[in-house]
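Participant: For the protein sequence lines, the chains are R and E, in the order given.
Here the numbering used here is used: the first residue of the first sequence is 1, the next is one more, and so on.
Here the numbering used here is used: the first residue of the second sequence is 1001, the next is one more, and so on.
Even glycine gets a Cβ: it sits at the ideal position worked out from N, Cα and C.
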Amino acid sequence: MITAPAPTLEAVTVHQLDQPPLLVGAGLRKRFGQTEALRGIDFSLTPGEIVAVMGPSGSGKSTLLHCLAGIVPPDEGTVTFEGRSVDRLGEGERSRLRRASFGFVFQFGQLVPELLAIENVALPLLLNGMSRARAEEVAAPWFPLMGLSGLEGRRPGEMSGGQAQRIAVARALVTRPAIVFADEPTGSLDSLAGEGVMELLTAAARGQGASVVLVTHEPRVAAYAHREVIVRDGRLTGPVAS
Amino acid sequence: MTGLGLRLALAGGRGAIIGIVLTALAVALGTSILLFALSFAPALQDRQERSAWRVPAVLLGEEPAGGAVLMRVVEDLYQGEALVRVRMASIGPDSPVPPGVPRLPAPGEAFVSPALADRMADVPGDLLADRIGNVVGTIQPEALRSPQELVALIGADPAELRADGASPLTGFATEPLDPTIPPIMVLLIVLAVVGALAPVAVFVATATRLSAARREQRLAALRLVGATPRQVTGLAVVEALLSTITGALIGVVLFVLLRPVVALVPLDEATWFPEAISPPLVAAVALLVAVPVVGALAAAAALRRIVVTPLGVQRRTTPPPPGKLRLLPLVVSVAVLLGALAFGSSQLSDVLVLAVLGAAFAGIIGGIALAGPWLTAIVGRALHRAPRGAATLLASRRLTDDPRGSFGSIAGVVMAVFVASAFFTFAGYAGAQSVPLPGEMRPGHIVAELRTATASTQAELIDRLGAMAGVRSVLPESGADVMVDGVGIGQLLLETDGTSAVAERVRTAIAVEFPSSWVRRTEELATAEPIYTEFGRVVNLGVMGTMLLAGCSLAVAVTTWVLERRRQFAQLRSAGMPVSGLRKLVLLQAAAPLVCVAIFSAALGIGVTQAILILIRASAVPLPDASLALVLTASVLGALLMVGMMLPAIERLTRPDGLRME
């Protein structure tokens, strides 16, 4: 059962480079038909670290995120999370891992349109077997924290893009995951709303001690990370100091 | 999870609710059709049990010591309807009493069915009542084949019946005779049920697709946040169960509501008692369990793509084009059907043979569904070779890239065309079953066979009939001295003014003198065997219903397709494509495969049916007449009209505000 201390934006941990890596991808290769999306990528993430994965469109950065998150298994290479080999887990086990240890914020389309905002935030808890009343009780404090007080009863279609993304951030963090994977989280927002979402995402992640893998092509968004890596033609062309 | 599944299913907005309602309605239709199909055999059995008493099954060659009855059954007509006059006389004490009456009628008395009592009350006695006698009671339903049956149980003098050749009976049969429905009709009924279910299945599939895109998005989102494949499948199954269980229950209600209407559809010259149309309980329960189970399995199977990966919806790839192997099930099914007929045409009443034939027919319909995308891709490639503009190019690309989806829209109509072609060919065969007229019979003529006639009684009757108004001449065809099985049979040919009133007066006058006589008008002799006429009527109704359902499927499918692509259409419009171009695109991609595959389907339907009839009858049968061409053309045009009705909405649906992302 997930315990639920009150969410906070105050940093409880600071990432430490001397700690053993939380997530490691080694020699990752992935092909879709004729297209080789990843051509042998090595990647690691330490606890509390925020890493921005940058690169031009079609470079393979989203595929890297999907492989690291256990959404798509790599054709070659390994993904290890807390010492466990993610790529060897079955579909069900990977789903449970995503539910318990990972959170996701995508560009759009990740909210369930039929559910109210509070139900969307509570969804991972419901999937974990928590009762609806308890799950909503745990989800409720995220609304004032995300600046969404009063919007609990709205559906995604009744909210602005920025509000919907903040709902997605709350949902990604409600299970207190170890890592949040964010794929172009501000891609469909204007710069002001985008900055608001990024500030909340990074602050809340820090508040929970979560690491963040942030896929973006915007340097302004990448600036929220501790470090940046660049993917080009399916290869990591080098870490860039933050 | 059940609660979440229900919430997701019901909170999906108007589109999702319409999808659930349409699916439930389609399932309801299918369930009620299957319930009627399951009820057919019990209803037939019930009908035969009710009329078993009229069959002289318990015959005694010698005079019994105890009670017995003498019985003579006369198959008469009144205004073209069958009128059964059962003449009965008691011999000895403790004579058996037939079902449905409290006692045997005394000579001159009669018990009549309610329908006959109504007819008798409506017309003068010389038209009908004088044939029956003094009515002393009503025959109860347990002794009637149908509620509308005209039956009279008439008390007679034992000596008269003995002279008529009747033998004594010590009891009445309770076991039904063998079915009176020709085996080919039973085969047709099996095929009709299969044929009727195919468009229903397509309608279910189409209705399910109505909110499929939204559902896929929702379930993929759930997978993304960590729902396991089992949880996602569970949610989809809950949603499928919601519509299929509702549909199955509505199907039961529909069955009960439609039962009195279906009971009015005559088969073998008789309607049905509504309560007799009841499926066996075990089979009905099994069906009601099977419908949701099949629905749930179908829903689970449809989710394979999303279950495999949470990005299943986002990462769409063009699947490989359908190959020629898709034709294999169709070819195999045709071969099985014809093979089963070649080896089992003499055993059409055999349940196993019927089951194989029904399964093979279902296989052909399923085979069309499998082969359809392959044919659609061919049509797309042909269209691509002669592009005349952006709309044609886009339509051809859509047909070649997604032939399965494109065919899915028109599948209902194509299957309905196959079913219609097959059954019109059968109906053509049925129409050819008319009995040829005897050479000298003309309109207005009446022919009569007088049983127990003598030369003098026949002469007296001729005088009396000759004096009747409307009778022009009465000619004895053969003298009453002709003896058949010890009974004198005389034949008369009457020329009348052709009105039915005169014919019924003649019939009544003859029945009064010679109660067991056989009297027929020219038109009654020239009528096709009623069962085939009834079949033709049912085919027309069935084809209309099937086409209507298929048209609805097409309209739903096209609407869904446009709704799912409103964003792409809005982009095309903003890129300069006129609305007329979009309309042409929608129409073209429905019309091109529809016309081509429908022609293939019609040819297949006619060809398979001809082969079936040739194998059964071992002779050539007439090709369907122009009415089939008319019906098929009207069907295809009607289907296109359904698409056409959608076209005006394209302007509204594809406005540039459809370009918004969320």
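1) Evaluate the contact criterion for the stretch 1067-1074 of chain E versus the stretch 1040-1050 of chain E: three or more CB pairs, one atom per stretch, below 8 Å.
2) Determine the direct distance from the alpha carbon of Val1097 (chain E) to that of Arg1103 (chain E), and round the result to whole angstroms.
3) With a threshold of 8 Å between beta-carbons, can Gly92 (chain R) be considered close to chain E, or not?
4) Go through its chain and collect everything with a Cβ distance to Pro113 (chain R)'s Cβ below 8 Å, but skip five positions before and after it.
5) According to DSSP, is Asp42 (chain R) part of a helix, a strand, or is it coil?
6) Would you decide whether Arg949 (chain E) is buried or exposed? Buried here means 16 or more other CB atoms lie within 10 Å of its CB.
7) Compare the C-beta of Thr1023 (chain E) against all C-beta atoms of chain R and say whether one is closer than 8 Å.
8) With a threshold of 16 other CB atoms inside 10 Å of the CB of Asp1608 (chain E), please say whether the residue is buried or exposed.
9) Return the CA-CA distance between Val1313 (chain E) and Glu93 (chain R), expressed in angstroms with no decimal places.
10) Please list, in chain order, the residues of the stretch 105-117 of chain R that have any C-beta partner in chain E closer than 8 Å.
11) Any idea what DSSP makes of Thr1522 (chain E), helix, strand or coil?
12) Along the chain, where does the alpha helix (DSSP H) containing Asp1497 (chain E) start, and where does it finish?
13) Assuming Ile1368 (chain E) contacts Met1415 (chain E) under a Cβ cut-off of 8 Å, what Cβ separation, rounded to an integer in Å, is found between them?
14) Ignore the nearest five residues each way along the sequence and tell me which others in Ser191 (chain R)'s own chain have a CB closer than 8 Å to its CB.
15) Can you round the beta-carbon distance between Ala1355 (chain E) and Leu1035 (chain E) to whole angstroms, since I take them to be within the 8 Å contact cut?
16) Give a yes or no on whether the minimum CB-CB distance between Gln1571 (chain E) and chain R is below 8 Å.
17) Under the DSSP definition of a beta bridge, which residues are partnered with Met1088 (chain E)?
18) Looking at the unbroken beta strand (DSSP E) that takes in Asp243 (chain R), where does it start and where does it end?
19) Whole angstroms is fine: what's the gap from Thr186 (chain R)'s alpha carbon to Leu1257 (chain E)'s?
20) For Glu1449 (chain E), report the span of its alpha helix (DSSP H) as first-last.
21) Counting only Cβ pairs nearer than 9 Å, list the residues of chain R close to Gln1568 (chain E).
22) Residues in its own chain within less than 6 Å of Gly1358 (chain E) by CB, not counting five upstream and five downstream?
23) Look up Met54 (chain R) in the DSSP assignment and give the residues it is bridged to.
24) Hey, how far is the Cα of Val1112 (chain E) from the Cα of Ser1516 (chain E)?
25) Taking 8 Å as the threshold (beta carbon to beta carbon), is Gly1226 (chain E) in contact with chain R?
26) Nearest to Thr1174 (chain E) by CA position, among E:Ala1152, E:Ala1156, E:Thr1246, E:Arg1054, is which residue?
27) What number of angstroms, rounded off, separates the C-alpha of Arg1131 (chain E) from the C-alpha of Glu1149 (chain E)?
28) Could you tell me which chain R residues have their CB closer than 8 Å to the CB of Ala1221 (chain E), listed as they occur along the chain?
29) For Ser85 (chain R), which residues does DSSP report across the bridge?
30) Using a threshold of 8 Å, state whether the C-beta atoms of Ala164 (chain R) and Leu22 (chain R) are closer than that.
31) Excluding the five sequence neighbours on either side, which residues of its own chain have a C-beta within less than 6 Å of the C-beta of Ala1276 (chain E), listed in chain order?
32) Report the residues of the stretch 71-95 of chain R with a CB closer than 8 Å to any CB of chain E, ordered along the chain.
33) What residues from chain E crowd round Pro185 (chain R), counting only those whose CB sits closer than 7 Å?
34) Which residue or residues does DSSP assign as beta-bridge partners of Tyr1078 (chain E)?
35) Cutting at 7 Å between CB atoms, please list the residues of its own chain near Ala1037 (chain E), excluding the five before and the five after it.
36) Is the stretch 1440-1456 of chain E touching the stretch 1640-1653 of chain E in the sense that three or more CB pairs, one from each, lie closer than 8 Å?
Facilitator: Taking the structure as given:
1) Under the 8 Å Cβ criterion, the stretch 1067-1074 of chain E does not count as touching the stretch 1040-1050 of chain E, having fewer than three qualifying pairs.
2) Here the C-alpha atom of Arg1103 (chain E) lies approximately 6 Å from the C-alpha atom of Val1097 (chain E).
3) The beta carbon of Gly92 (chain R) falls within 8 Å of a beta carbon belonging to chain E, placing the residue at that interface.
4) Listed in chain order, the non-local C-beta contacts of Pro113 (chain R) below 8 Å within the same chain comprise Arg155, Pro156, Gly157, local neighbours out to five positions each way being set aside.
5) In the structure shown, Asp42 (chain R) sits in a strand (DSSP, three-state: E or B).
6) The structure shown has nothing for residue 949 (chain E), since chain E only spans 1001 to 1662.
7) With a threshold of 8 Å between beta carbons, Thr1023 (chain E) makes no contact with chain R.
8) Sequence check: residue 1608 (chain E) is Val here, not Asp. Burial of Val1608 (chain E) is indicated by the presence of at least 16 other C-beta atoms within 10 angstroms of its C-beta.
9) A caution first: Val1313 (chain E) carries a pLDDT of 46, below 50, which makes its placement in the model unreliable, though a value can still be read off. The straight-line gap from Cα to Cα measures roughly 21 Å.
10) Residues of the stretch 105-117 of chain R with a Cβ closer than 8 Å to any Cβ of chain E, in chain order: Phe106, Phe108, Gly109, Gln110, Leu111, Val112, Pro113, Glu114, Leu115.
11) Thr1522 (chain E) falls in the helix class under three-state DSSP.
12) Careful: Asp1497 (chain E) lies outside any alpha helix (DSSP H) and carries neither H nor E.
13) Your pair Ile1368 (chain E) and Met1415 (chain E) checks out as a contact, with CB atoms roughly 6 Å apart and the cut at 8 Å.
14) Taking C-beta separations shorter than 8 Å and ignoring five residues to either side along the sequence, the partners of Ser191 (chain R) in its chain run Arg220, following chain order.
15) Cβ-Cβ separation between Ala1355 (chain E) and Leu1035 (chain E): approximately 19 Å, too far for a contact (criterion under 8 Å).
16) With 8 Å as the cut-off, Gln1571 (chain E) does not count as an interface residue toward chain R.
17) DSSP output for Met1088 (chain E) lists E:Met1071, E:Gly1155 as bridge partner(s).
18) Only positions 1 to 242 of chain R appear in this structure, which leaves residue 243 (chain R) out of reach.
19) Each residue's alpha carbon lies about 57 Å from the other.
20) Glu1449 (chain E) -> not in any alpha helix (DSSP H); beta strand (DSSP E) instead, spanning 1445-1451.
21) Using a Cβ-Cβ cut-off of 9 Å, Gln1568 (chain E) is close to nothing in chain R; its nearest Cβ partner there is about 16 Å away.
22) Closer than 6 Å at the Cβ level, and outside the excluded window around Gly1358 (chain E), lie Val1190, Val1194.
23) Paired residue(s): R:Ile230.
24) C-alpha separation (whole angstroms): 17 Å.
25) Gly1226 (chain E) counts as touching chain R.
26) Of E:Ala1152, E:Ala1156, E:Thr1246, E:Arg1054, the residue nearest in Cα terms is E:Arg1054.
27) Near 16 Å, if we compare the C-alpha coordinates of Glu1149 (chain E) and Arg1131 (chain E).
28) Residues of chain R with a Cβ closer than 8 Å to the Cβ of Ala1221 (chain E) are, in chain order, Gly109, Gln110, Leu111, Val112.
29) Bridge partners of Ser85 (chain R): R:Thr80.
30) Here Ala164 (chain R) is not near Leu22 (chain R), since their CB atoms are 8 Å or more apart.
31) So the qualifying residues of the chain are Ala1043, Asp1046.
32) Listed in sequence order: Ile71, Val72, Glu91, Gly92, Ser95.
33) Going along chain E, no residue has its Cβ under 7 Å from Pro185 (chain R), so there is no contact; the nearest lies around 14 Å.
34) DSSP output for Tyr1078 (chain E) lists E:Glu1081 as bridge partner(s).
35) The answer, listed in chain order, is Val1193.
36) Proximity of the stretch 1640-1653 of chain E to the stretch 1440-1456 of chain E falls short of the contact definition, fewer than three beta-carbon pairs being nearer than 8 Å.
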